[in-house]
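With our numbering applied, the sequence shown corresponds to residues 3 to 269, in that order. Working notes, beginning with the structure itself.
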Amino acid sequence: MTSKKNDRTSRIPLIVANWKMNLTASESAAFAARFISQIQPHAEALGTRFEVAIAPAHPALDRLGRALEGSKIQLAAQNLHNEESGAFTGEVSLAMLEDLGCTFALIGHSERRHLFGESNDLVAAKAQRLEGSSVCPILCVGETLDQREQDATLAVVDAQLAAVLDATGDGLASQLVVAYEPVWAIGTGRTATPEIAQTVHAAIRKTLVSRLGEVGHGTRILYGGSVKPSNARALLSQPDIDGALVGGAGLDPDSFAELALASLETS
Ligand code: PEP
3 MTSKKNDRTS RIPLIVANWK MNLTASESAA FAARFISQIQ PHAEALGTRF
53 EVAIAPAHPA LDRLGRALEG SKIQLAAQNL HNEESGAFTG EVSLAMLEDL
103 GCTFALIGHS ERRHLFGESN DLVAAKAQRL EGSSVCPILC VGETLDQREQ
153 DATLAVVDAQ LAAVLDATGD GLASQLVVAY EPVWAIGTGR TATPEIAQTV
203 HAAIRKTLVS RLGEVGHGTR ILYGGSVKPS NARALLSQPD IDGALVGGAG
253 LDPDSFAELA LASLETS
């Protein structure tokens, strides 16, 4: 990396709320109204100095998308199926997400990996489905506490990244967002220190650059794991932390607005 500043400049901070299995469609509309009013004074910076996306549960995508219309706040999906369409009861396809105007989809969130048994191969198949589409993958990677204690963090994260990069090409590289989320920090109130997070982000950057060349310098790497307004600035000011994936603090419009606006101070 020759110019940290230039690389940072090309990586607009991205703050994403992951609502998980919370908030109904009606509640999502109320959230949007309050959140937009909080962000409004900085609306001119949205899309140029910071980006915000919200990933509601699938039943709220349509309603939330309508409530966000004209705001430049983006719609994200929490998951999708790797097949194009067919007999997959309970699943959601890429075409359905595109039709609703989603611009991002989470793939490989640790809850999908650990509670629903999603393998690196399945996550890679989902990345292949997204390649070249209008929906950018937010590829979640991260180690469990056991893996960290065994000093396996970088090996685990590298294998999760490699599975996707091996299965995809340039089409994915240009749209890829990575989220480093140590599993031990998700929903636990335990946050990686900015230094711990930066060490892993720098390793991810190194892998991205060695696999993707120049494009890897521009790939945004978000941090996730108990991010809240009080710790956001310290995390976001690290050179390779380009945004945040936020669970709990993304459920309250005031907290999420405060957190999103903190990214403006570090961009
Ligand atoms: C997440 O679910 O991706 C997450 C980071 O959750 P929390 O912020 O609640 O730890």
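Quick reminder that beta carbons are idealized off the backbone N, C-alpha and C, glycines included. Quantities reported herein were computed from a predicted structural model and do not represent experimental measurements.
Around Gln149, the same chain offers Thr155, Val158 as residues with beta carbons nearer than 7 Å, after the five sequence neighbours per side are excluded.
With a 10 Å radius around the Cβ and a threshold of 16 neighbouring Cβ atoms, Pro58 comes out buried. The beta carbon of Ser135 sits closer than 7 Å to those of Leu96, Glu100, all from its chain and outside the five residues before and after it, given in chain order. For Arg150, the uninterrupted alpha helix (DSSP H) run begins and ends at 147-151, by DSSP. Of the residues Thr26, Ser39, Arg51, the one whose Cα lies closest to the Cα of Asp244 is Arg51.
For Pro43 and Gln76, the gap between their C-alpha atoms comes out near 18 Å. Pairwise C-beta distances place the region 209-217 out of contact with the region 186-196, as fewer than three of them are shorter than 8 Å.
Glu183 places its beta carbon 8 Å or farther from that of Ser73.
The ligand PEP has no heavy atom closer than 7 Å to the beta-carbon of Leu70.
In the DSSP assignment, Gly67 falls within the alpha helix (DSSP H) that extends over 63-70. Judged by beta-carbon spacing, Val179 lies beyond the 8 Å limit of Glu145, meaning their Cβ atoms are not closer than that value. Lys208 and Phe33 have their C-alpha atoms spaced approximately 38 Å apart.
Arg222: member of the beta strand (DSSP E) spanning 222-226, first to last residue. In this structure, Lys128 sits near Leu82, with a CB-CB distance shorter than 8 Å.
The beta carbons of Ala69 and Ala31 sit closer together than 8 Å.
Uninterrupted alpha helix (DSSP H) stretches at least 4 residues long and entirely within the region 150-229 occur at 155-169, 172-175, 196-214, 216-220, given in chain order. Only residues of its own chain outside the window of five on either side were considered, and among them Ala161, Gln162, Ala165 have a CB closer than 7 Å to the CB of Asn122, listed in chain order.
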